[in-house]
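Shown next, in structure tokens, is the structure this report addresses.
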Amino acid sequence: MEKRALLAALLSAVVLVVWYSLFGPQPVPPPPPQQEVAPAANGAAVPTPAGGQVTAEVPPAVAGQPGEEEVVVVADGVRAVVNPRGGVIRSLVLERHQDGEGNPLELVEGGAVWPLALAAEGPWNEAWYAVEREASGVTLFWSDGQGAWVRKRIRPGSGAYALEVSVEGGGAALRDGVVVARALRPAEKAGKSSFGRSGAVVGVGGKVKRLDTAKLKGVERFGGGVGFAGVENQYFLLCLLPEGHEAEVAVEPLRGVVVRTPPDGLRGVLFAGAKEHQVLKGYGRGLDGTISFGIFGVLSVAFLAAMRWIYSWTGNWGVAIVVLTAAIRVLLFPLTHKSTVAMRRMQRLQPKMKAIQDRYKERAKRDPQVRQRMNQEIMQLYRVEGVNPMSGCLPTLVQLPILWALYTLFAYAIELRHAPFVWWIRDLSAKDPTYITPILMTASMVLQQKMTPQAGDPAQRRMFMLLPFVFGLMFMNFPAGLVLYWLVNNLLTIGQQLLTNRLAGDSERA
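At position 142 of the sequence shown the residue is numbered 238 (this note's numbering), and the sequence of numbers has no breaks.
Rendered as structure tokens:
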């Protein structure tokens, strides 16, 4: 009986399995993964596609509450104020630097276009974004529910003056790219002397391209290997370092610098800070090339390192300029001594050279062969007297790269900005308000000219005597650090001239 009951149960089970396999209901597929929803501070929901990628589904309409408070993101050296209306950066303040009024320096130039605005016209630049505040950053989201949506993230970066930013979107929102900046707010009072140009700057192909946005007549485009793009002035820089090298840049007359985003959105580092060489060098991509040290920039960087070391001991950038100038003059003394001795020898030969020229004067004008004999006789005089006419020029030519490197260093090094020296000089990057140093510099150049052995005709010597006054007028509006350098250099040159004259006199008497 038990065996028959067990057999009936097994046969029933087999029948049920066969029935359900042939005629039973089909299995229901599992539901698709739902979007993660992050709560916003104002109660709205910020849809986040799974994995951070754009899905085919249209995000629902999401917007923030009008009047939402601005969000402050603090990074190393920069404080960003993010406005939920348009999801833009309204303010970038450098707390370690001051403007001409002594207030923390503001980089962002106000207007209709703000950093991280979208270049394409649409509601996304006027709408209120839903805000998700984080421990150190912020995420903003907006969607019209019809396919257009934008997500922006701003967080502190890992370097000085750095903010990590990303902009993603769908529909037509990112069609024309993201605005980096239109211009920098002037950092100084009106009328302050300045060497730096203001405008757009783009690092492409390892080179720095500069454009004056105020003079643009059309759109300038750059693509392929864009390392950075933004705006600059003499001492400060606001630029985007895009992730990867697929971004393209357009510099436009009205909106400024716009970065065209790759299909998956724009990510990168927004640098907003001072042109400190060590900081810019650390970012790579040739960002340190935005400091206008010129063709002898290697020497300028070396002198800057030396000046920073001197400053670490003296605590005064003006004293550092004086010490550095003195050290360089000591190192160059053998060259200047040789040049001065050669000029003294040339000066002694002037009467003999003039006698030869007077002898051939009239005939040399008419007959090239006579002129050639005159030149041969002058060269013979050089050989007999042991004088090389180029020996006085070559040492000066060797010094030119050093002088130019120092000139650009004192003109563009931010270390001198708002740095006091003594008494009336409270800012080495501004002109001397009393004009005392330009007057002293002119007087020292006149004295130096009188002490330097003069060769050539009287008209040429008179022209050289006018140069100090020309330089004096030029330097009246130059930064006090530059004028201080030229003044100290002239005084040291006078001292070297006195020493050379004494040494030359002793050798002649011997």
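In this text, a Cβ means the ideal position worked out from N, Cα and C, and glycines have one as well.
The model shown is predicted, which means the values in this text are computed figures rather than measured ones.
- When DSSP states are grouped into helix, strand and coil, Gly255 belongs to the coil group.
- Where Phe318 is concerned, there is no enclosing alpha helix (DSSP H), although the beta strand (DSSP E) around it starts and stops at 316 to 318.
- The DSSP-derived three-state label of Pro200 is strand.
- Spatial neighbours of Pro200 in its own chain (CB-CB distance under 7 Å, excluding positions within 5 residues in sequence) are listed in chain order as Val189, Leu190, Glu191, Gln194.
- Taking Ala216 as reference, the option from Ala231, Val204, Ala526, Ala244 with the minimal CA-CA separation is Ala244.
- Taking each of Ala509, Glu473, Ala231, Thr235 in turn and checking the Cα distance to Asn179, the smallest one comes out for Thr235.
- Two segments are said to touch when three or more pairs of C-beta atoms, one from each, lie closer than 8 Å; by this definition the segment 382 to 392 touches the segment 497 to 510.
- Rounded to the nearest angstrom, the gap between the Cα atoms of Arg381 and Ala208 is 30 Å.
- Here Asp240 is buried, its C-beta having at least 16 other C-beta atoms within 10 Å.
- In terms of CA proximity to Arg175, Leu366 leads the group Arg181, Phe237, Leu366.
- Taking all protein chains shown into account, Pro430 has fewer than 16 neighbouring C-beta atoms within 10 Å of its C-beta and is therefore exposed.
- The distance from the Cβ of Val584 to that of Val415 is about 11 Å, inconsistent with a contact at the 8 Å cut-off.
- DSSP places Leu212 outside any beta strand (DSSP E), giving it a letter other than H or E.
- At a Cβ-Cβ threshold of 8 Å, Ile590 and Met561 do not count as neighbours.
- Leaving aside the five residues that flank Arg351 on each side, the residues in its chain whose CB is nearer than 7 Å to its CB run, in chain order, Val209, Ala215, Val275, Arg278.
- Taking C-beta atoms as the reference points, Leu336 and Arg281 fail to come closer than 8 Å.
- Under the three-state reduction of DSSP output, Gln194 falls in the strand class.
- A Cβ-Cβ contact shorter than 8 Å links Val322 with Glu344.
- In this structure, the straight-line span from the alpha carbon of Ala368 to that of Pro252 is close to 11 Å.
- Ranked by Cα distance from Ser232, the first of Gly198, Asp172, Gly182, Ala213 is Asp172.
- Phe318 sits away from Val304, with the two beta carbons spaced by 8 Å or more.
- Taking Glu372 as reference, the option from Arg363, Gly364, Leu362, Leu383 with the minimal CA-CA separation is Leu383.
- Rounded to whole angstroms, the gap between the alpha carbons of Leu376 and Ser294 is 18 Å.
- Considering only Ala310, Phe332, Leu543, Asn412, the residue with the shortest C-alpha distance to Tyr257 is Phe332.
- Residue burial annotation: Leu259 is buried, with at least 16 other C-beta atoms found within 10 angstroms of its C-beta.
- For the beta strand (DSSP E) assignment, the uninterrupted runs of no fewer than 3 residues enclosed by the segment 326 to 389 are, from N- to C-terminal side, 332 to 338, 344 to 348, 352 to 356, 362 to 370.
- For the pair Ile452 and Glu473, the CB atoms are nearer than the 8 Å cut-off.
- In this structure, Ala507 sits near Leu578, with a CB-CB distance shorter than 8 Å.
- Thr530 sits in coil when the DSSP states are folded into three classes, being neither helix nor strand.
- Within 10 angstroms of the beta-carbon of Trp519 lie fewer than 16 other beta-carbons, which makes it exposed.
- Nearest to Gly182 by alpha-carbon distance, out of Ala213, Val167, Val327, Val168, is Ala213.
- Spatial neighbours of Lys448 in its own chain (CB-CB distance under 7 Å, excluding positions within 5 residues in sequence) are listed in chain order as Leu477.
- Looking from the CA of Leu594, the closest CA among Phe571, Trp582, Leu543, Pro564 belongs to Leu543.
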